[in-house]
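Beneath this line is the structure, given in structure tokens, with notes to follow.
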């Protein structure tokens with residue numbers, strides 16, 4: 163179910179949640195669409211926010227590729243031994259497994 167609170171209702175978000183909870187609980191899942199006038203505040207201080215980068219080594223890229231080829235060869239062999247040839251790479255969650 164989709165909930166669309168007014169500006170006034172959305173001012174105290176947690177009060178709004180408590181208000182709709184008895185009805186929303188029956189739905190199992192709900193979507194609350196904020197009013198068009200609502201603008202979230204930027205919460206990250208760019209002066210204090212830091213993240214470390216990861217060095218990507220070119221030689222490791224080949225190792226990952228080689229591991230994938232080896233994995234698929236083993237998977238293919240496994241299926242052939244059981245009489246179920248592998249006709250396509252298995253997909254899990256929309257991604258090919260490796």
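Numbering (this note's numbering), first residue to last: 163 to 260. Even glycine gets a Cβ: it sits at the ideal position worked out from N, Cα and C.
Spatial distance of residue i from residue j (CA atoms)
i           : j           : result
residue 182 : residue 192 : 10 Å
residue 167 : residue 207 : 29 Å
residue 174 : residue 209 : 29 Å
residue 230 : residue 244 : 21 Å
residue 214 : residue 204 : 21 Å
residue 220 : residue 228 : 13 Å
residue 236 : residue 211 : 44 Å
residue 234 : residue 253 : 13 Å
Residue range of the unbroken alpha helix (DSSP H) whose run includes residue i
i           : result
residue 182 : 175-189
Within 9 Å, strictly: CB atoms of residue i and residue j
i           : j           : result
residue 186 : residue 216 : no
residue 251 : residue 242 : no
residue 238 : residue 248 : yes
residue 200 : residue 240 : no
residue 178 : residue 194 : yes
residue 169 : residue 202 : no
Three-state secondary structure (DSSP) of residue i
i           : result
residue 217 : coil
residue 193 : strand
residue 248 : coil
For residue i, the residue or residues it bridges with in DSSP
i           : result
residue 164 : 193
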